[in-house]
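Colleague: The structure is given below, and queries will be raised subsequently.
Numbering (the working numbering), first residue to last: -15 to 495.
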């Protein structure tokens, strides 16, 4: 697990791999090809040595209520509580789309899974949302509602825009839906959907589930596998040229202290596909350590490539703790966590909560603060995330939270004299370096370039002008120049010196 608060002296190259010390480093040491990618400062991936700096997690700041779950088909008028969840958001051209589930039929007596609904909203700015009257599905004798579709697969219907090159217009939108068994869907407009195959793409009978110990439900006639019963998400991964699906499964684990074997905890598996219909390589995701109860008990993942750094995969999972909720009816308390990966397979799960339940006791519940799948750019310097409040209660609603662009984690320096980070050998392509950073009034950041082997400062680039301020995009200057083209394409090291500051991301680029 990664440190969030304590200064470190040796950085991580990835979630669990220790890097070589600078002294006596092998001349054949691998070079990190940074090229012109934006690198988020999530951990020590770029660095050989970090002294008196730490990595800090940044939680979203709460904003306004964006959707009150008070419509008749959302449960409150019939049951006294709202029964909505699993929101999905994404930008589509000049508008924003939102999908969410109403479990209306599961509250009926007897329960009717066929009367679960996928509901639809739109927004022009990601702040003001409106239910779109679709006129598609009957409820209480009329069709004036925003119900897009109904049926058992609506339990966790998760649409996305398919970015695979050459995807037909009739399949521009894809979705995964199904509780216990997963089905693949496609759409030309994001509203009218069809199954790509009447058979499920996963049904729990695949051999891999036995291999990894995925349990079956205890008391049900068919002994169905305990899988796929939360928000399962998929997307096209250009790095592997495959679709990737992340889904819930109950897997064996250790106790929180690692001393006892336990039969199961909520966890995450993945599989891949070339065509979105035939899936293979079913396996658990790798946390870099054995699964443990509480720590790795993930109800959802909300995983996706980050749009500004698509080689980095970010997730805001709901993490559960087996304690009796203050509100709600089952299994435990929840909080949102933060996880990330650079290969969509091995993940670092940060210790510190991304979003705690907080002072409002109504959020100390079984689904408290569950994040929507997706984040939206709602201002040049702002990302919006959305999360449930007062889940399954008489005033349940969806709240917006905001983060700085790239502002998930940062390389952090306390007050003067701060600390230093020296990178591995890197190769970049471009003629300028931009940083996303913030300092205190008395803080600062300097970046220099060193010879990759000798660590001697490179002439004219040994130390930049000091940056102080708060900017999403600042171009680093050396005196009156910022042109780094003479260093482009060769192996160099960066030396970052900072105090009273946070560095969120950096990127080499051309005009």
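Ideal placement from N, C-alpha and C gives every residue a C-beta, glycine not left out. On a predicted model such as this, the values are computed, not experimentally measured, just so you know.
On the CB-based measure, 16 or more other CB atoms within 10 Å of its CB, does residue 168 come out buried or exposed?
Modeller: Buried.
Colleague: If residue 349 and residue 375 are in contact, beta carbons under 8 Å, what's the gap, nearest whole angstrom?
Modeller: Confirmed, Cβ separation roughly 5 Å.
Colleague: Shortest alpha-carbon distance to residue 305 belongs to which of 146, 315, 457 and 259?
Modeller: Answer by Cα proximity: 315.
Colleague: Alpha carbon to alpha carbon, how far is residue 207 from residue 24? Give it in angstroms, no decimals.
Modeller: Near 44 Å, if we compare the C-alpha coordinates of residue 207 and residue 24.
Colleague: Could you give the distance in angstroms between the alpha-carbon of residue 311 and the alpha-carbon of residue 80?
Modeller: Going by the C-alpha atoms only, they are around 32 Å apart.
Colleague: What would DSSP say about residue 139, mapped onto helix, strand or coil?
Modeller: DSSP places residue 139 in helix when its eight states are reduced to three.
Colleague: What are the boundary residues of the beta strand (DSSP E) that residue 195 is part of?
Modeller: Counting along the chain, residue 195 falls outside any beta strand (DSSP E), though it belongs to the alpha helix (DSSP H) covering 191 to 195.
Colleague: The beta strand (DSSP E) spanning residue 268 covers which residue range?
Modeller: Unbroken beta strand (DSSP E) run through residue 268: 263 to 268.
Colleague: For the candidate residues 61, 329, 420 and 260, whose alpha-carbon lies nearest to that of residue 145?
Modeller: That would be 260, whose Cα lies nearest to the Cα of residue 145.
Colleague: Could you tell me how far apart the beta carbons of residue 496 and residue 420 are, in whole angstroms, since I believe they sit closer than 8 Å?
Modeller: Only positions -15 to 495 of the chain appear in this structure, which leaves residue 496 out of reach.
Colleague: Quick check on the burial criterion: 16 or more other C-beta atoms within 10 angstroms. Buried or exposed for residue 14?
Modeller: With fewer than 16 Cβ atoms within 10 Å of its Cβ, residue 14 is classed as exposed.
Colleague: Taking residue 464 as the reference, which of 386, 449, 475 and 453 has the closest Cα?
Modeller: Residue 464 has its Cα closest to that of 449, out of 386, 449, 475 and 453.
Colleague: For residue 496, tell me which candidate among 475, 455, 428 and 466 has the shortest Cα-Cα distance.
Modeller: The requested residue 496 is not part of the displayed model; the chain covers only -15 to 495.
Colleague: Given a cut-off of 8 Å on the beta-carbon distance, is the pair residue 67 and residue 82 in contact?
Modeller: Their beta carbons are not under 8 Å apart, which means residue 67 does not touch residue 82 by this criterion.
Colleague: Using three-state DSSP, classify residue 345 as helix, strand or coil.
Modeller: If DSSP states are grouped into helix, strand and coil, residue 345 belongs with the helices.
Colleague: Quick test of the definition: if touching needs 3 or more C-beta pairs under 8 Å, does the region 97 to 105 touch the region 414 to 431?
Modeller: Cβ pair count under 8 Å is below three, so no.
Colleague: Look at the alpha carbon of residue 177 and the alpha carbon of residue 108, and state the distance between them as a whole number of angstroms.
Modeller: The alpha-carbon atoms of residue 177 and residue 108 are separated by roughly 23 Å.
Colleague: Classify residue 44 as buried or exposed, calling it buried when 16 or more other Cβ atoms lie within 10 Å of its own Cβ.
Modeller: Buried, by the Cβ-count rule.
Colleague: Can you tell me which of the three DSSP states residue 88 falls into?
Modeller: Residue state, collapsed to three classes: helix.
Colleague: Once the 5 residues before and after residue 9 are set aside, which same chain residues still bring their CB inside 6 Å of it?
Modeller: Bear in mind that the predicted position of residue 9 carries a pLDDT of just 41, short of 50, making it unreliable; the figure below should be weighed with that in mind. Once the five neighbours on either side are set aside, residue 9 has no close Cβ partner at all.
Colleague: Between residue 12 and the rest of its own chain, which residues show a CB-CB distance below 8 Å, the 5 nearest in sequence each way excluded?
Modeller: The predicted model places residue 12 with a pLDDT of 48, which falls under 50 and marks its position as unreliable; any figure quoted below should be read in that light. There are no such residues.
Colleague: How big is the Cα-Cα spacing for residue 65 and residue 92?
Modeller: If I take the Cα positions, the gap works out to 13 Å.
Colleague: Tell me whether the beta-carbon of residue 27 lies closer than 8 Å to the beta-carbon of residue 332.
Modeller: Their beta carbons are under 8 Å apart, which means residue 27 touches residue 332 by this criterion.
Colleague: Can you find the residues in the same chain that come closer than 7 Å, C-beta to C-beta, to residue 494, ignoring five residues on each side of it along the sequence?
Modeller: Excluding residues within five positions, the ones whose Cβ falls inside 7 Å are 414 and 415.
Colleague: Determine the direct distance from the alpha carbon of residue 179 to that of residue 141, and round the result to whole angstroms.
Modeller: If I take the Cα positions, the gap works out to 12 Å.
Colleague: Who does residue 431 pair with in a DSSP beta bridge?
Modeller: Bridge partners of residue 431: 480.
Colleague: What does the Cβ neighbour count give for residue 198, buried or exposed, with the cut at 16 atoms within 10 Å?
Modeller: That one is buried.
Colleague: Can you give the Cα-Cα distance for residue 243 and residue 275, rounded to whole angstroms?
Modeller: The straight-line gap from Cα to Cα measures roughly 12 Å.
Colleague: From residue 325 to residue 296, what does the alpha carbon distance come to, in whole angstroms?
Modeller: Each residue's alpha carbon lies about 6 Å from the other.
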